[in-house]
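Input: a single structure, listed below in C-alpha cells.
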Amino acid sequence: MKDLGKLSYFLGVSVMQTKNEVFQEQSAYTKALLSRFGMDNANSVATPVDVNADLVTTSDEVEECDKDFNQSAVGSLLYLSTRTRPDITFAVNNVAKYCSKPLKNHWTDVKRIFRYLKDTSELGFLYSNCSDECVGYSDADWAGDRSDRKSTSGYCFNLSNSVITWRSVKQSCVALSTAEAEYVALAGAAQEATWLKQLLDDLEFKTGGPMTPGGPALSSHRSVISALIAPTHLISALIALTHLIDALASLSHCSHLIDALASLFSLLSSLIVAFKS
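Going by the numbering used here, the first residue of the sequence shown is number 32, and it counts up by one from there.
In C-alpha cells form, the structure reads like this:
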C-alpha cells in the first residue's frame, strides 16, 4: 500500500484541504457537462427552476425530444446534485420524472438547469472547524405535482458550517393541507436525524448542541410546531388518522386489522382530548 498524500480529486469531485478548512466542488465536471450538451455559451439564469413552467402536458401535439440525449443529460445532473450541488436537487428530480417520454418543454427545463450552472459552477461545500453543531431544516412543496397533486419533501443537515446530507423526494400520500405536507416532510427529516445521531455516536463525534432523535430538524410552519409541542394536538391526530385509514383500506389479514382498529380507537381518544383542549 502506498501513501498518495492528501485527497485532491475523487470521482469528479475536487477536494482542497488546508489546516482548518476543506472545500469540495465539481467545477471541472460541470464545465465538461455544459460543453458536452452544447450549453457552454448559453445565457445564465439566477434560479434552476421556472416556477411558471408546466411540465404536465395533456396535448398530443407536443413534439417529443431525443429520449437518449435527455436521459443522458438528466443522469449527469443527478450525479452532480447528489455529490456537491443540493441547490439543483429539486429541479433535477422534477425533470427526472419525465425521462421515459420526454417532451420539448421537459428539455427546456433541463436546459434551464444548465443555464443556472453556467455562472455557479464554482460553488461547493466549505467545511471548517468553527462549528460542531448539527442542525437540520425541512420544507415541503404542497401539491406541487400537478399530475397527482402530491407534495414534495425536502430537508438538509448542516455540520461543520456546511451541508452534509440532503434530500428532495415526492411524498407517497396526498396531503390535504400545507400543515400535513410540512408534517410529513419533518417526519422524514426526523428519521434522517436519528440515523445521523447513530452515525456520529459510532464515530465518537461530539456535537456542540443537543441532538435527540428527531430533535435538531427545524420547521417554520406554526401548525407543525404546535403539533410537535403538544402530541395530542388536533392536527397531528388528524394526520395520523388519515394515514391509518389509508392503511386499513389495504389490509386484508384479520390480526393486522384488529391491531389497526386498536390504534384507530387510540387516535379517536386523542382527538377527543384535542377538542376538549
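All residues carry an ideal CB built from backbone N, CA and C; glycine is no exception.
The model shown is predicted, which means the values in this text are computed figures rather than measured ones.
Three-state class that DSSP yields for residue i in the structure shown
i, result
"Val205", "coil"
"Ser199", "strand"
"Gly155", "strand"
"Phe236", "coil"
"Tyr214", "helix"
"Glu95", "strand"
Closest by C-alpha distance to residue i, when choosing among the options
i, options, result
"Asp71", "Leu42, Thr238, Thr151", "Thr151"
"Ser169", "Val82, Thr183, Cys161, Arg67", "Thr183"
"Gly155", "Ile119, Ser66, Ser107, Gln229", "Ile119"
"Ala63", "Phe236, Lys98, Lys237, Glu153", "Glu153"
"Thr113", "Ala171, Asp99, Gln57", "Gln57"
"Asn74", "Arg146, Asp163, Thr209", "Arg146"
"Ile144", "Gly185, Pro117, Ser39, Asp99", "Pro117"
"Val205", "Asp172, Phe236, Val194", "Asp172"
"Cys165", "Arg177, Leu231, Leu134", "Leu231"
"Gln55", "Leu38, Phe100, Phe121, Ser131", "Leu38"
"Ser107", "Ser66, Leu190, Glu94", "Ser66"
"Phe179", "Lys50, Lys128, Leu148", "According to the sequence provided, residue 179 is Asp. The question's Phe does not apply to it. With distances taken between Cα atoms, Asp179 lies closest to Lys128."
"Gly69", "Tyr214, Lys237, Lys149", "Lys149"
"Asp81", "Cys130, Ala122, Phe236, Cys96", "Ala122"
"Lys237", "Thr225, Asp176, Ser131, Asp163", "Asp163"
"Pro133", "Gly175, Gln48, Cys96, Asp176", "Cys96"
"Ser208", "Lys181, Leu86, Lys50, Leu42", "Lys181"
"Arg177", "Leu86, Thr225, Lys98", "Leu86"
Buried versus exposed, by CB contacts within 10 Å (16 or more), residue i
i, result
"Ser199", "buried"
"Leu35", "exposed"
"Thr78", "exposed"
"Gln202", "buried"
"Ala84", "exposed"
"Thr115", "buried"
"Tyr214", "buried"
Contact check, residue i vs residue j, beta carbons under 8 Å
i, j, result
"Val46", "Val53", "yes"
"Gly167", "Ala220", "yes"
"Cys161", "Asn192", "yes"
"Thr196", "Leu227", "yes"
"Tyr60", "Leu111", "yes"
"Val76", "Val105", "no"
"Lys33", "Glu94", "no"
"Ala186", "Glu223", "Before going further, note that residue 186 is Tyr rather than Ala in the sequence given. Cβ atoms of Tyr186 and Glu223: closer than 8 Å."
"Asn189", "His137", "no"
Residue range of the beta strand (DSSP E) that includes residue i
i, result
"Asp170", "166-172"
"Asn189", "183-190"
"Met47", "44-48"
Continuous alpha helix (DSSP H) stretch holding residue i: start and end
i, result
"Ser58", "58-67"
"Val76", "Premise fails: Val76 is in no alpha helix (DSSP H) and is neither H nor E."
"Ser107", "98-112"
"Arg177", "Premise fails: Arg177 is in no alpha helix (DSSP H) and is neither H nor E."
"Lys148", "According to the sequence displayed, residue 148 carries Leu and not Lys. Its alpha helix (DSSP H) spans residues 135-149."
"Thr115", "Unbroken run through Thr115: none, as it is neither H nor E."
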